[in-house]
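> Quick one: structure below, then a few questions.
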Amino acid sequence: MYAQMVKTDGKGIKPREEMTPEEQRFQDRIDAGEKIEPKEWMPEAYRQNLIRQIGQHAHSEIVGQLPEGNWITRAPTLERKAILLAKVQDEAGHGLYLYCAAETLGVSRDELTEALLSGKMKYSSIFNYPTLNWADIGAVGWLVDGAAIMNQVPLQRTSFGPYSRAMIRICKEESFHQRQGYDIMMKMARGTPEQREMAQDALDRYWYPSLMMFGPSDKDSVHSAQSMAWKIKINTNDELRQKFVDQTVPQAKYLGLTIPDPELKWNEEKGGHDFSEPDWSEFYAVLKGNGPCNRDRLEARQNAWEDGRWFRDGLVAHAKKADARRAAARVAAE
Amino acid sequence: MSSEWPLWEVFIRGQHGLNHRHVGSLHAPDAEMAIRHARDVYTRRNEGVSIWAVKSEDIAASSPSEKGPLFDPANDKVYRHPTFYDIPDEVGHM
Chain A
0 MYAQMVKTDG
10 KGIKPREEMT
20 PEEQRFQDRI
30 DAGEKIEPKE
40 WMPEAYRQNL
50 IRQIGQHAHS
60 EIVGQLPEGN
70 WITRAPTLER
80 KAILLAKVQD
90 EAGHGLYLYC
100 AAETLGVSRD
110 ELTEALLSGK
120 MKYSSIFNYP
130 TLNWADIGAV
140 GWLVDGAAIM
150 NQVPLQRTSF
160 GPYSRAMIRI
170 CKEESFHQRQ
180 GYDIMMKMAR
190 GTPEQREMAQ
200 DALDRYWYPS
210 LMMFGPSDKD
220 SVHSAQSMAW
230 KIKINTNDEL
240 RQKFVDQTVP
250 QAKYLGLTIP
260 DPELKWNEEK
270 GGHDFSEPDW
280 SEFYAVLKGN
290 GPCNRDRLEA
300 RQNAWEDGRW
310 FRDGLVAHAK
320 KADARRAAAR
330 VAAE
Chain B
0 MSSEWPLWEV
10 FIRGQHGLNH
20 RHVGSLHAPD
30 AEMAIRHARD
40 VYTRRNEGVS
50 IWAVKSEDIA
60 ASSPSEKGPL
70 FDPANDKVYR
80 HPTFYDIPDE
90 VGHM
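Going down the list, the sequences are from chains A and B. Under numbering that gives the first Met the number 0, the first sequence is numbered contiguously, ending at residue 333. Under numbering that gives the first Met the number 0, the second sequence is numbered contiguously, ending at residue 93.
Shown next as structure tokens:
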């Protein structure tokens, strides 16, 4: 869901009898739980699909720094500021782990960056919503990182080795993110009436966009079926969304906050909550570029890339000169 | 002139006495920056006491298609394992 709406090239799962012997061997290895490593043979569609999925995931980590970075200079205490700074730095790190995993599939870092900046590749819709006040930083950690963890934990078992290893590192670091968010929410929810109101308002605004993070229902999607056969998707979007709701309801209750869904209720029969679907037309509008912050987010990344060019180039020039100096010194010493 | 920074593979020694272990890769213009970036990207939580960075292009790797010729010969040398030999109980631990 940090990678939403990634479609496979194929038209659903290829029946075994239509597979080439190579494809059959490949599928057998995946079914046996073996990891696929970069230099090994893989179907072209598996490679292309993973590049899109991991790339989109990486872009989400990078763009995800922006809504939170917005509050670093205005965090209420020095401790909160240090924590938020560490969290945003982690997001950068997560983006880098994932870019490196994607690069093992034969795409370059610059190609990925340019695809983000041109709008050719997407990032998660959630980061096109604004962080209007400090309570939003709590809600982002609690809900957005909570939803991210829900998706990332099963992906540790994904079939592509470098992706799986990146996910394992990320999951180790991610639980701090959610807990610091919940910690902010606890403080706000038990604070003054105004702070409580801010916490409720943040939950009201972030609830449905968080549910959208899992993407629309894909239980009938042929694309998802292929991704699941390849183990680059482990659960359906609906399964993960249900788990997220069931996990979050008691957490909201503990805070004394109300989830903004009058239809939300426990369903004994299915052993989970019934809840309202988010407004999917809003989701598609945000994906298309018409969310509250799409233009800002992309502009911020474009400016960072352009404004940093002289610096990247300067370091390359310095490295080349230093190499030349070392070579000259070697020659002189001989 | 824009050119992409070269790729480096990063190895971290987690604790004194352990091997350096591959943890991932990163882009950096030179060796010094590779170490600095590795510090920021891979040791934010005290994961290491020492870092190696090696240019990815300088690493020689075996290819998956060589798996058979490289590793199969070890399969039929069961006598390399201690359990291959029956030692009578009376002899005691060996």
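Where is the CB? At the ideal position from N, CA and C, for every residue including glycine.
1) Examine chain B for any beta-carbon lying closer than 7 Å to the beta-carbon of A:Cys170, and answer yes or no.
2) Does the region 252-269 of chain A come into contact with the region 79-93 of chain A, if we say contact requires no fewer than three beta-carbon pairs (one atom in each stretch) closer than 8 Å?
3) Below 8 Å, how does it come out for the region 102-121 of chain A and the region 173-188 of chain A: are there three or more Cβ pairs, yes or no?
4) So the beta strand (DSSP E) B:Lys54 belongs to, where does it begin and stop?
5) Any beta carbon of chain B sitting closer than 7 Å to that of A:Asp27?
6) How should B:Met0 be labelled, buried or exposed, when 16 other C-beta atoms within 10 angstroms of its C-beta is the threshold for buried?
7) Here's a check: name, in chain order, each residue in its chain whose Cβ is nearer than 8 Å to the Cβ of A:Leu49, leaving out the five neighbours to either side.
8) Can you name, in chain order, every residue of its own chain whose Cβ lies under 6 Å from the Cβ of A:Gly54, other than the five neighbours on each side?
9) Anyone know if the C-beta pair for A:Ala334 and A:Ala134 falls short of 7 Å?
10) Can you round the beta-carbon distance between A:Phe126 and A:Pro42 to whole angstroms, since I take them to be within the 8 Å contact cut?
11) Scan the region 130-191 of chain A and note each continuous alpha helix (DSSP H) run of 4 residues or more that stays entirely inside, going in chain order.
12) Is the region 211-227 of chain A in contact with the region 184-200 of chain A, if contact means three or more CB pairs nearer than 8 Å?
13) Look at the alpha carbon of A:Met0 and the alpha carbon of A:Gln64, and state the distance between them as a whole number of angstroms.
14) Short check: CB of A:Asp89 to CB of A:Glu172, under 7 Å?
15) Using a beta-carbon distance below 7 Å, is B:Ser2 in contact with chain A?
16) Expressed to the nearest angstrom, what Euclidean distance is found between the alpha-carbon atoms of A:Phe282 and A:Pro129?
17) Quick one: what's got a C-beta closer than 7 Å to A:Arg240's C-beta in the same chain, skipping five residues either side?
18) Is B:Gly23 close to chain A? Criterion is C-beta to C-beta, closer than 7 Å.
19) Please list the residues of the region 62-92 of chain A that have a C-beta atom closer than 8 Å to any C-beta atom in chain B, keeping them in chain order.
20) So with CB distances below 9 Å, who are the chain A contacts of B:Asp71?
21) Using 7 Å as the threshold, is the C-beta distance between B:Ile34 and B:Val22 below it?
22) Could you check what DSSP says for B:Val9 in three-state terms: helix, strand or coil?
23) Taking the Cβ atom as the reference point for each residue, do A:Tyr205 and A:Ala299 lie within a distance shorter than 7 Å?
24) Check the Cβ-Cβ distances between A:Asp109 and every residue of chain B, and say whether any is below 7 Å.
25) Nearest CA to the CA of B:Ala30: which residue from A:Ala318, A:Ala323, A:Lys13, A:Arg46?
26) Please identify, using Cβ separations under 7 Å, the residues of the region 42-58 of chain A that lie next to chain B, in order along the chain.
27) First and last residue of the beta strand (DSSP E) that includes A:Asp273?
28) Anything in chain B within Cβ reach of A:Val315, meaning under 8 Å, just list it in chain order.
29) Within 10 angstroms of the Cβ of A:Asn266, are there 16 or more other Cβ atoms? Answer buried if so, exposed if not.
30) If distances are taken between C-alpha atoms only, which option among B:Arg38, B:Ile58, B:Arg79 comes closest to B:Ser49?
31) Who pairs with A:Trp265 in a beta bridge, going by DSSP?
32) Residue range of the beta strand (DSSP E) that B:Leu25 falls in?
According to the structure shown:
1) Not an interface residue.
2) No: the two stretches stay apart, fewer than three of their Cβ pairs being nearer than 8 Å.
3) Here the region 102-121 of chain A makes no contact with the region 173-188 of chain A; the two share fewer than three CB pairs at distances below 8 Å.
4) 49-54
5) no
6) Note that B:Met0 has pLDDT 47, beneath the 50 cutoff, so the model's placement of it is unreliable and no number is given.
7) Ala101, Leu104, Phe159, Tyr162, Ile231
8) Within the same chain, and ignoring the five residues on either side of A:Gly54 in sequence, the residues whose Cβ sits closer than 6 Å to its Cβ are Ala101, Leu111, Met120.
9) Nothing about residue 334 of chain A can be read from this structure; chain A reaches only from 0 to 333.
10) That belief does not hold up - the Cβ atoms of A:Phe126 and A:Pro42 are roughly 31 Å apart, past 8 Å.
11) Unbroken alpha helix (DSSP H) runs of no fewer than 4 residues, entirely contained in the region 130-191 of chain A, are found at 133-138, 144-154, 160-188, following chain order.
12) In this structure the region 211-227 of chain A does not touch the region 184-200 of chain A; the number of beta carbon pairs closer than 8 Å is below three.
13) Since pLDDT at A:Met0 reaches only 49, below the 50 mark, its modelled position is unreliable, and the value read off the structure follows with that caveat. Rounded to whole angstroms, A:Met0 to A:Gln64 spans 17 Å at the Cα level.
14) Yes.
15) yes
16) 15 Å
17) Leu210, Phe213
18) yes
19) Ala85, Gln88, Asp89, Gly92
20) Going along chain A, no residue has its Cβ under 9 Å from B:Asp71, so there is no contact; the nearest lies around 17 Å.
21) No, the pair does not count as a contact, with Cβ atoms beyond the cut-off.
22) strand
23) no
24) yes
25) Selected option, being the one with the closest Cα: A:Ala318.
26) none
27) Membership of A:Asp273 in the beta strand (DSSP E) is indicated by the continuous run 271-273.
28) Met0, Ser2, Trp4, Pro28
29) Taking every protein chain shown into account, the CB of A:Asn266 has fewer than 16 other CB atoms within 10 angstroms, so this residue is exposed.
30) B:Arg38
31) A:His272
32) 19-26
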